Structure formats: structure tokens, C-alpha cells
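Using the working numbering, you'd call the opening residue of the sequence shown number 1 and step up by one each time.
Even for Gly, the Cβ is constructed at its ideal location relative to N, Cα and C.
Note that the structure is predicted; figures quoted are calculated from it, not measured.
Quick notes on the structure that follows.
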Amino acid sequence: MTKYKVQRCKVDLFSEIEEPEREELKALRRELEEANYKYYVLNMPTLSDREFDEKMRRLQDLEAMFPDMYDPKSPTQHVGSDLQRDNVQGTKGKNFEQVKHKYPMLSLANTYSREEIEEWVRKLPQDVEIVCELKYDGLSISLWYEKGRLVRALTRGDGQQGDDVIDNIRTIPSIPWRIERNDIPDSFELRGEVLLPWERFEALNKEREEQEEPLFANPRNAASGTLKLQDPREVARRGLDAYLYYMIGEDLPGTTHFERLETAKEWGFHISDAIQVCHSVDEVMAYIAYWDTERKNLPVATDGIVLKVNNLAQQDELGYTAKTPRWAIAYKFPAEKQLTLLKEITYQVGRTGVVTPVANLEPIQLSGTIVQRATLHNEDFIRSLDIRPGDRVWVEKGGEIIPKITGKEEPTPDPSLKGGELDSRQDTLPLREGLGVGFPTHCPECGAELVRVEGEAAWRCPNEAGCPPQIKGKIEHFVSRKAMNIDGLGEETIDLFYQKGLLHNIADIYDLRLEDIAAQERLGEKSAQNMLAGIEASKQVPWSRVLFALGIRMVGETTAKKIAKRFTSIDTLQWATAEQLCAIEDVGPQIAENIMRYFEDIRNLEILARLREAGLQMEAAVSDQLSVVSDKLAGMSIVISGTFSHHSRDEYKALIEAHGGKNVGSVSKKTSFILAGENMGPEKRKKAEELGIRLLSEDEFLELIVES
Ligand code: IVH
Numbered sequence: 001m002t003k004y005k006v007q008r009c010k011v012d013l014f015s016e017i018e019e020p021e022r023e024e025l026k027a028l029r030r031e032l033e034e035a036n037y038k039y040y041v042l043n044m045p046t047l048s049d050r051e052f053d054e055k056m057r058r059l060q061d062l063e064a065m066f067p068d069m070y071d072p073k074s075p076t077q078h079v080g081s082d083l084q085r086d087n088v089q090g091t092k093g094k095n096f097e098q099v100k101h102k103y104p105m106l107s108l109a110n111t112y113s114r115e116e117i118e119e120w121v122r123k124l125p126q127d128v129e130i131v132c133e134l135k136y137d138g139l140s141i142s143l144w145y146e147k148g149r150l151v152r153a154l155t156r157g158d159g160q161q162g163d164d165v166i167d168n169i170r171t172i173p174s175i176p177w178r179i180e181r182n183d184i185p186d187s188f189e190l191r192g193e194v195l196l197p198w199e200r201f202e203a204l205n206k207e208r209e210e211q212e213e214p215l216f217a218n219p220r221n222a223a224s225g226t227l228k229l230q231d232p233r234e235v236a237r238r239g240l241d242a243y244l245y246y247m248i249g250e251d252l253p254g255t256t257h258f259e260r261l262e263t264a265k266e267w268g269f270h271i272s273d274a275i276q277v278c279h280s281v282d283e284v285m286a287y288i289a290y291w292d293t294e295r296k297n298l299p300v301a302t303d304g305i306v307l308k309v310n311n312l313a314q315q316d317e318l319g320y321t322a323k324t325p326r327w328a329i330a331y332k333f334p335a336e337k338q339l340t341l342l343k344e345i346t347y348q349v350g351r352t353g354v355v356t357p358v359a360n361l362e363p364i365q366l367s368g369t370i371v372q373r374a375t376l377h378n379e380d381f382i383r384s385l386d387i388r389p390g391d392r393v394w395v396e397k398g399g400e401i402i403p404k405i406t407g408k409e410e411p412t413p414d415p416s417l418k419g420g421e422l423d424s425r426q427d428t429l430p431l432r433e434g435l436g437v438g439f440p441t442h443c444p445e446c447g448a449e450l451v452r453v454e455g456e457a458a459w460r461c462p463n464e465a466g467c468p469p470q471i472k473g474k475i476e477h478f479v480s481r482k483a484m485n486i487d488g489l490g491e492e493t494i495d496l497f498y499q500k501g502l503l504h505n506i507a508d509i510y511d512l513r514l515e516d517i518a519a520q521e522r523l524g525e526k527s528a529q530n531m532l533a534g535i536e537a538s539k540q541v542p543w544s545r546v547l548f549a550l551g552i553r554m555v556g557e558t559t560a561k562k563i564a565k566r567f568t569s570i571d572t573l574q575w576a577t578a579e580q581l582c583a584i585e586d587v588g589p590q591i592a593e594n595i596m597r598y599f600e601d602i603r604n605l606e607i608l609a610r611l612r613e614a615g616l617q618m619e620a621a622v623s624d625q626l627s628v629v630s631d632k633l634a635g636m637s638i639v640i641s642g643t644f645s646h647h648s649r650d651e652y653k654a655l656i657e658a659h660g661g662k663n664v665g666s667v668s669k670k671t672s673f674i675l676a677g678e679n680m681g682p683e684k685r686k687k688a689e690e691l692g693i694r695l696l697s698e699d700e701f702l703e704l705i706v707e708s
């Protein structure tokens, strides 16, 4: 009894002295936890190794001083891990936990008409205050905070439940992981918009263009694609941002929406400065007019204005429809459109010989980017718009990244738009005749007479083997990442080698010699060696990709895969009939015809013979050929988890598909079994145990598919 008292007394006596150290201990745990995440998961260290070690040592000391604060989750008790729950890097979507929203995520009623906005405002009670905000064009997110910690970050999903993308959201620097205040409610939710700023969006698309990946149409699509990635490191690299515009929860401070946003700002949240409380229709209209132009200077995309009733009691009175609150409305800006001078039409010849007219414009700023070129598609398009150089044309950029020309200034030019220039140039321009608008009769690159295949809108240069952009384009396609993936042989090098007479067709690549390459300016022996190594490695590229690399018209990556599955060698494909080809999914008469034509051309046959001679894979690997016939895994949904020693994860995926099974991302009761490698994701293991789903080792799986 006495002993107990003494102890108590001791603790009480020292508690004041201990308190700062206990706080330090907690702060260090948080700091190191965050540092681990940034180091291992994001690959973006925030502390030097030395700083990290020092802090870790200090934490160990403090934990030794306060054994009652032992926590198995402390960074001293586990090593930093780059495992993201049960995420599989590089796979798309599906691996997020789906969580029900506490409050449904509604959308907003919207209009493009300022009159309707006026009407909406006039119908509200007389004394109403209206908060005007920008409508950010990204994707909505709901951030849950419990005891000051960010615990969930849900996408809108279907409005009732969303994906928890918290690991990706934690990469956004402006979103706090923790709020260190004691005046915050136990739990609350902040909603807002996740955005990819214009600058980041453009850099990302530039990079994707270089790597021949499909471009994102707009920052919204880019942000949404990014948020669903499974690798937070990649998300962090892309640089998302977020603006928050709505706080909900029980017992929140304030009686107005505006006050709540001010409070959220005080707590450290990123709230826009463009928010304004308005008291009249005129003020609202002035806000819209101001931001209609000013928004073009913002770093992120906006597509309208949101009006919200400020008073929360009034909001409650107005209530909700099934889909939208009655206390808010959005005014959407019309697609941006501007007149500019069409300076010149140039013609681009692609790798398949199609000649595409391109409008060269007097540069204009449209939806955040400078536009100076736009495609005119083909001759019919130019005719339908009746445009020619010197016209002032309407350029429009809506949700899509590629600007469109939608018409020309009609009927007579406005004098303020320098109409005089129009008159003077009319004397000097050739008259429209024949093909109209002077669409060339001959290839602008090689001079061959253009042909127009019946039923096609495009004019084409038929000089496949002698037209420089076609020759270079075919080589560029052949070496590209999804085809033969030959590193070091980019557009510029191909152009240089073409000029120097080293490359005329794809087969020439395999005749390149070290001394020829190294003799070129800008290319030393080292890069020559790398290039040759890449060329050598390409000899292992599987048959389906070789087929894609050949560049047969309309035979894209997916079609090539399907054809290669049915015709497992170039020899069988060469003699395929139109009927056999058309029996393949996705192959129609036009593609069948293109394939047959390809094999009728003696020059192609010569190239194929040289490629075969060089050692390219002109037939499917034996394992592939065997595997295509099995349906051992038909109807099964199989999850792959962990790392493997016999095959790569992609190879296992291919094997599953080749045997009729389906590879899925997450474990559910529908999962047939899990192909489990080393270090299988703990979440997946737990779920499998709960649902009683079988785990198959790599060897067991291989036995299963080979056994008869
Ligand atoms: S308020 C219950 N405010 O617009 C009302 N939404 O078209 C919740 N959005 O799903 C929305 N900026 O993703 C609100 N300042 C803003 C907004 C905004 C963009 C988005 C949001 C919403 C969509 C509706």
C-alpha cells in the first residue's frame, strides 16, 4: 500500500518535468513515421540520413525513459517499408478500399445562362447572403479527420461510397496529415477538389508524348488518372494540388458557410482567396464577369462559378433534391472561343503516307495554353468550313486538349479585327479551284502524286519506300517502346542516320555497325555501344510485338496481339486468307486487306527475310504456343500477390489469361485462388484467410497449368 503511494507520488511530482519529453517522444514518432513514408514510399527523402538516425536514437532513448509509452507501431519497432497496403505497383485501379460516405456526395445544379443565375438569386429570401466561389475543374475528394488526423480520403465514387485514396492524397503537400490544435471537433470532414495545375499537366503530357503514351485530354482527366494510380511515388512526382470548399460534420464552429471556410483556413487548409460574400444580384454578376476573364491567369483549371447560400440555417430550410442541394447552383463558363488569323496551311505526311492539313495560326491564349496550330483533318473538313489562309477563324477549346477550328468570321470582317489586311491579301492568294483551297495534288515531301482511296477522306502519298517522313516514321514506330523498344534510337538520331544513308528501312537497323554509329557527331562510342545493346535486346521481343512493329496499316498493338495469338508465326500469317483473318476479333475486311497487301509487296518480303536473318522472333515462343490452347483456368478469377522467382508478374498475368483465367486486383469472395509469391501483401493475406481463399505457390501454380 505504502509502496503504491510512493510511486504515485513520484510520478505526480515529476509529471510536469516529464511532460515536454513525452510530447517530444510523440512528435518524434510522427516525424519519423512521416519521414519513413516519404523516404520509402515516395522516394522523396525529407531528412538526411544523419538527421534521421539522430532523431531515431533520441526516440529510442525517450522510449527507454518511458516504458509505459511502449507502442508496437512506433518507428523504433519496425523497419521502414515501401509496401503500400496490398497495392501492386503498376497495376491500375481496383485496389482501393471502398468506403461508404457519411454524408452522400451530391453534385450541383448547373446552368450556362446568366439569366437563370439571376432568377435563382431573385427567388431566394430578401436578406440572403450568397457566397461566390470558383468552380474548380478537377475531381472531388472527401477528407475525414478524426482527433486531428487524416484517416480517410474518399473519391466521390457513386456519391454513396467512394474509393479510399489516402496514400495518394498524402502526397499533396497542402493537405495536412494532422492538425495540432485543441479547438477542433473530434471528427469532421472537408470536401474539395483535387487538381493537376496547368504547368504540371503540360509537363506530364510532354513526357507522355515522348514516351508514346496516350495524352490526357485535360487536367481533370489527368488528375483523376493520377489519383487512381497504385504507386504514390508516381502520384507525388506528378504534383497534384487541392482546394477545399466545404466543411461538414457535427458540432462544427460557425453559423455560416463563409465562417467555416475561414476556420478551415485557420486550421491550415488550402482555401481559395477568390471567395466573396455577395449581397445582391449585381454583386454576383460583377463577380462572374470579373472571374470570367481573370480565371485565365490562375494556375489551375476552373470551369465556372459556384453560388452558395451563406447562412447554414437558411441552407437547411432550402434543403436538397435527390441529387443536388437547393442552396447552391453552378454557373458554367461557355467553351472558350476566339478569332484569330489563319496565316498558312501546311501539310504533314505521316508514317502511313496520309497527308494532314495543319492550320498555322496567329498565336492566341485559350483556356490556359497558347494555341498556334490546329489540325484541319482533311480536304473535306476545309471545304465544309470554306476557309483559306488570310481568313479569321474561330478557334475553340472545350474539355479537349486539341483546339478545334469551328468556323470563320462571317459575313464581313469587323473593321476592329484589321479587316483591311483581308482585302489586300485577296489579290495575292491563288483562287480555289480543282481540289479547292489549293490542297496539294502532289506530296509536299517527295513530289509523288497523291491518291485518294475510295471511301476514305484522306489523301495519301503512295511512295511508301521513297518518301522521307514515311521512311523515318516507320523506323520511329518500329523502335518505339511498345514495339521493339530500342533505346537510344530516337527521332533525331533516325533523321541523322537517314541523312547519312545508314538507315532506309527497318531491316537496316540490324546492319548498323559500331564504327558507323560512333563516327557520327554527337554520338560517342559509349552511346553507340548502348544503342547496339538495345538493338541486340530487341531480338528477344516476342512475335506479337514484332508484328505490331512492322507498322501494317491499322494493325495496332491490341489487334497485333490478337492476330499473333491466332497466327503464331509470320509464315502462317503470310498465307492467311481474308476469311481466316476476319474471323479474328477486331479484324475487319479493311485490316485483312491491308495485311494481305503487305505480304504482296516484294520489298516487304525482302525486309522480312532480313529481319528473320537478323534473329528476330518471327514466331511465338513454344510456351506461348502451348498455352493458347488451354482452358484450365477458364472462369477463374485469380489474384497475384508478392514477388516471384521463375517468371515476372506480367508473365504470370499472361499465363493466367492464356489458360483462360482472369487476373483481378483485389481479393473478394469471387476470387478462385491467390498466386502467392514472397512477401505477399499483408492485407491480401488477411482477407484471404477471412474468406478462406486458397494460396498457391509459384510451383503449385505452374504444376496446375502444365498437368494434363
Ligand atoms: S460545392 C453539396 N464548391 O463541382 C455541394 N463544388 O458539379 C458540394 N466543385 O461535385 C459541392 N468547385 O466536385 C462545390 N467551389 C466549389 C466547387 C465544387 C468545384 C465540383 C465538385 C462537385 C461538382 C458539381
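Query, Result
"Lys472, enclosing alpha helix (DSSP H) - first and last residue", "468-479"
"Cα-Cα separation, Arg170 to Leu124", "39 Å"
"Residue closest to Ser527, alpha-carbon to alpha-carbon, out of Pro440, Leu702, Leu489", "Leu489"
"CB contact flag (Leu307, Ile117, <8 Å)", "yes"
"Val451, buried or exposed, once every other Cβ within 10 Å from all chains shown has been counted against 16", "exposed"
"Whether Glu734 touches Gly677 by CB criterion (8 Å)", "Beyond the ends of the chain as shown, which are 1 and 708, falls residue 734; an answer cannot be given."
"Cβ-Cβ separation, Asp508 to Leu502 (assumed contact under 8 Å), whole Å", "7 Å"
"Three-state secondary structure assigned by DSSP to Glu225", "Residue identity differs from the one stated: residue 225 is Gly in this sequence, not Glu. Helix, per DSSP."
"In chain order, each beta strand (DSSP E) run of at least 3 residues that lies wholly inside the region 583-633", "none"
"The region 156-168 contacting the region 294-310, beta-carbon criterion three pairs below 8 Å", "no"
"Ile370 - partner residues in DSSP beta bridges", "Gln365"
"In DSSP terms, what Thr643 is bridged to", "Glu678"
"Reference Gly111, options Met247, Arg191, Phe333, Ile674, closest by Cα", "A quick correction: the sequence has Thr, not Gly, at residue 111. Among Met247, Arg191, Phe333, Ile674, the Cα nearest to that of Thr111 belongs to Phe333."
"Contact set for Tyr652: own chain, Cβ-Cβ below 7 Å, skip 5 residues either direction", "Ile640, Phe644, Leu675"
"Bridge partner(s) assigned by DSSP for Cys278", "Ile130"
"Three-state class that DSSP yields for Tyr510 in the structure shown", "helix"
"Among Pro214, Cys132, Phe258, the one whose alpha carbon lies nearest that of Tyr290", "Cys132"
"Closest Cα partner of Val453 within the set Ile535, Cys443, Val354, Gln365", "Val354"
"Beta strand (DSSP E) segment containing Val121, residue limits", "Run containing Val121: none in the beta strand (DSSP E); it sits in the alpha helix (DSSP H), 114-123."
"Beta strand (DSSP E) segment containing Asp303, residue limits", "302-309"
"Rounded Cβ spacing between Ile638 and Lys670 (contact assumed at less than 8 Å)", "11 Å between Cβ atoms; not a contact."
"Beta-carbon proximity list for Ile584, same chain, < 7 Å, skipping 5 on both sides", "Lys562, Ile563, Arg566"
"Contacts around Cys9, its chain only, beta-carbon distance under 7 Å, and the 5 residues preceding and following it disregarded", "Reliability of the predicted coordinates at Cys9 is poor, the pLDDT of 31 falling under 50, and the value obtained from them is presented with this limitation in mind. None."
"Neighbour-count burial assignment, Arg388, 16 or more Cβ in a 10 Å radius", "buried"
"Leu512 versus Arg694, Gly534, Glu491, residue with shortest Cα-Cα distance", "Gly534"
"Contact belief for Leu240 with Ala217 at Cβ below 8 Å, rounded distance in angstroms", "Not a contact, Cβ separation roughly 17 Å."
"Assigned secondary structure, Gln315 (DSSP; H/G/I helix, E/B strand, else coil)", "helix"
"Reference Glu146; option with closest CA among Trp120, Pro185, Arg181", "Pro185"
"Thr330 in three-state terms, based on DSSP", "Note that residue 330 is Ala in the sequence shown, not Thr. Correct three-state label for Ala330: strand."
"Bridge partner(s) assigned by DSSP for Asn663", "Ile638"
"Exposure of His257, with buried meaning 16 or more beta-carbon neighbours within 10 Å", "buried"
"Close beta carbons around Trp459, own chain, < 6 Å, minus the five adjacent residues each side", "Val355, Leu450, Arg452"
"Cutoff 8 Å; reference Asp71; Cβ partners in own chain excluding five residues on either side", "Arg29, Gln77"
"Cβ pair His270, Tyr243 closer than 8 Å", "yes"
"Residue range of the beta strand (DSSP E) that includes Ala153", "149-155"
"Nearest-angstrom beta carbon gap, Ile607 and Ser538 [assumed within contact, 8 Å]", "Incorrect: roughly 15 Å between the Cβ atoms, too far for contact."
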